[in-house]
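Asker:
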Amino acid sequence: MDKSIKKIRFALIVLLILTGCGKQLAPSPVPATPGRSHWQIKREEFRRAWFAYWHDRKTERLTRRANAKSVKREKEAAKAEKRLVDRHIKNQPPEVQERMKASQKEAEKNRPKRNLRQRLRFWKYN
(Lines of atoms letter the chains of each structure in order from A and count residues from 1; the text may use other names and numbers.)
(Lines give C-alpha, C1' and ligand atoms only; values in the text may rest on other atoms or scores of the structure.)
Protein backbone atom coordinates (compact mmCIF):
# COMPACT_ATOMS: atom_id res chain seq x y z
CA MET A 1 0.00 0.00 0.00
CA ASP A 2 2.88 2.29 0.70
CA LYS A 3 4.15 1.89 -2.87
CA SER A 4 0.78 2.71 -4.41
CA ILE A 5 0.58 6.00 -2.42
CA LYS A 6 4.06 6.94 -3.68
CA LYS A 7 3.00 6.16 -7.27
CA ILE A 8 -0.16 8.26 -6.93
CA ARG A 9 1.80 11.12 -5.35
CA PHE A 10 4.39 10.93 -8.14
CA ALA A 11 1.67 10.92 -10.80
CA LEU A 12 0.01 13.99 -9.23
CA ILE A 13 3.31 15.90 -9.11
CA VAL A 14 4.07 15.06 -12.75
CA LEU A 15 0.54 16.05 -13.78
CA LEU A 16 0.82 19.40 -11.97
CA ILE A 17 4.20 20.12 -13.55
CA LEU A 18 3.01 19.23 -17.04
CA THR A 19 -0.15 21.29 -16.81
CA GLY A 20 1.61 24.30 -15.28
CA CYS A 21 4.75 24.46 -17.44
CA GLY A 22 3.79 22.68 -20.65
CA LYS A 23 2.64 24.14 -23.95
CA GLN A 24 -1.03 24.55 -24.64
CA LEU A 25 -2.28 21.64 -26.70
CA ALA A 26 -5.35 23.46 -27.97
CA PRO A 27 -5.06 26.98 -29.37
CA SER A 28 -6.42 29.62 -27.08
CA PRO A 29 -9.10 31.93 -28.48
CA VAL A 30 -7.98 35.36 -29.64
CA PRO A 31 -8.24 37.67 -26.65
CA ALA A 32 -10.84 40.33 -27.34
CA THR A 33 -10.79 43.58 -25.47
CA PRO A 34 -14.14 44.98 -24.41
CA GLY A 35 -15.97 46.62 -27.29
CA ARG A 36 -13.94 44.86 -30.01
CA SER A 37 -14.93 41.77 -31.90
CA HIS A 38 -12.89 38.77 -32.91
CA TRP A 39 -12.97 39.94 -36.56
CA GLN A 40 -11.59 43.39 -35.76
CA ILE A 41 -8.62 41.81 -34.01
CA LYS A 42 -8.04 39.40 -36.94
CA ARG A 43 -8.14 42.33 -39.38
CA GLU A 44 -5.59 44.28 -37.31
CA GLU A 45 -3.28 41.27 -37.17
CA PHE A 46 -3.52 40.95 -40.95
CA ARG A 47 -2.77 44.67 -41.42
CA ARG A 48 0.25 44.47 -39.10
CA ALA A 49 1.59 41.47 -41.02
CA TRP A 50 1.06 43.32 -44.31
CA PHE A 51 2.84 46.46 -43.06
CA ALA A 52 5.73 44.36 -41.74
CA TYR A 53 6.05 42.64 -45.13
CA TRP A 54 6.22 45.94 -47.01
CA HIS A 55 8.62 47.41 -44.47
CA ASP A 56 10.97 44.46 -45.02
CA ARG A 57 10.73 44.88 -48.79
CA LYS A 58 11.51 48.60 -48.48
CA THR A 59 14.56 48.05 -46.26
CA GLU A 60 15.86 45.35 -48.63
CA ARG A 61 15.51 47.75 -51.56
CA LEU A 62 17.33 50.52 -49.68
CA THR A 63 20.20 48.23 -48.70
CA ARG A 64 20.52 46.99 -52.29
CA ARG A 65 20.74 50.60 -53.50
CA ALA A 66 23.36 51.48 -50.89
CA ASN A 67 25.45 48.44 -51.78
CA ALA A 68 25.14 49.22 -55.50
CA LYS A 69 26.54 52.70 -54.90
CA SER A 70 29.59 51.32 -53.10
CA VAL A 71 30.18 48.76 -55.88
CA LYS A 72 29.89 51.56 -58.44
CA ARG A 73 32.48 53.62 -56.53
CA GLU A 74 34.88 50.67 -56.46
CA LYS A 75 34.54 50.19 -60.23
CA GLU A 76 35.17 53.89 -60.84
CA ALA A 77 38.25 53.78 -58.60
CA ALA A 78 39.58 50.76 -60.53
CA LYS A 79 39.07 52.61 -63.83
CA ALA A 80 40.88 55.68 -62.49
CA GLU A 81 43.75 53.47 -61.30
CA LYS A 82 44.00 51.90 -64.76
CA ARG A 83 44.07 55.35 -66.41
CA LEU A 84 46.88 56.44 -64.08
CA VAL A 85 48.90 53.35 -65.01
CA ASP A 86 48.36 53.88 -68.74
CA ARG A 87 49.28 57.57 -68.50
CA HIS A 88 52.42 56.76 -66.53
CA ILE A 89 53.51 54.16 -69.08
CA LYS A 90 52.90 56.55 -72.00
CA ASN A 91 55.16 59.18 -70.41
CA GLN A 92 58.16 56.80 -70.46
CA PRO A 93 60.63 56.25 -73.33
CA PRO A 94 59.84 53.30 -75.66
CA GLU A 95 62.45 50.88 -74.24
CA VAL A 96 61.25 51.57 -70.69
CA GLN A 97 57.65 51.10 -71.83
CA GLU A 98 58.47 47.63 -73.14
CA ARG A 99 60.24 46.70 -69.92
CA MET A 100 57.38 48.05 -67.81
CA LYS A 101 54.75 46.15 -69.81
CA ALA A 102 56.77 42.94 -69.54
CA SER A 103 57.19 43.34 -65.79
CA GLN A 104 53.51 44.22 -65.47
CA LYS A 105 52.50 41.00 -67.23
CA GLU A 106 54.84 39.03 -64.98
CA ALA A 107 53.50 40.80 -61.89
CA GLU A 108 49.88 40.09 -62.86
CA LYS A 109 50.77 36.48 -63.44
CA ASN A 110 52.43 36.16 -60.03
CA ARG A 111 50.44 38.62 -57.92
CA PRO A 112 47.32 40.01 -59.63
CA LYS A 113 46.28 42.26 -56.70
CA ARG A 114 49.07 44.86 -56.84
CA ASN A 115 48.34 48.55 -57.21
CA LEU A 116 50.22 51.24 -59.14
CA ARG A 117 52.54 52.30 -56.31
CA GLN A 118 53.68 48.74 -55.68
CA ARG A 119 54.39 48.26 -59.39
CA LEU A 120 56.29 51.57 -59.57
CA ARG A 121 58.54 50.49 -56.69
CA PHE A 122 59.22 47.26 -58.55
CA TRP A 123 60.04 49.06 -61.83
CA LYS A 124 62.21 51.70 -60.11
CA TYR A 125 64.61 49.16 -58.59
CA ASN A 126 64.64 46.73 -61.51
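83 is the number of the first residue of the sequence shown in this note's numbering; add one for each residue after it.
Even glycine gets a Cβ: it sits at the ideal position worked out from N, Cα and C.
1) Reducing DSSP to helix, strand and coil, say where proline 176 ends up.
2) Indicate the three-state DSSP secondary structure (helix, strand or coil) for serine 119 in the structure shown.
3) How big is the Cα-Cα spacing for glutamate 163 and glutamine 179?
4) In whole angstroms, what is the alpha-carbon distance linking lysine 157 and glutamine 122?
5) Contact check, leucine 202 vs leucine 166 under 8 angstroms by CB: the rounded distance?
6) Give the straight-line distance between the Cα atoms of glutamate 142 and arginine 129, rounded to the nearest whole angstrom.
7) Any chance the CB of arginine 139 is under 7 angstroms from a heavy atom of the ligand GTP?
8) What's the C-alpha gap between arginine 159 and asparagine 149?
Answerer: Reading off the structure:
1) Proline 176: helix per DSSP, three-state reduction.
2) Coil at serine 119, not helix or strand.
3) Going from the Cα of glutamate 163 to the Cα of glutamine 179 covers about 18 angstroms.
4) For lysine 157 and glutamine 122, the distance between alpha carbons rounds to 53 angstroms.
5) Between leucine 202 and leucine 166 a beta carbon distance of about 10 angstroms is seen, past the 8 angstroms cut, so the two are scored as non-contacting.
6) Their Cα atoms are separated by approximately 20 angstroms.
7) In terms of ligand content, the structure shown is empty, and the ligand GTP therefore cannot be addressed.
8) The question names arginine, but residue 159 is alanine in the sequence shown. Between alanine 159 and asparagine 149, the C-alpha separation is close to 15 angstroms.
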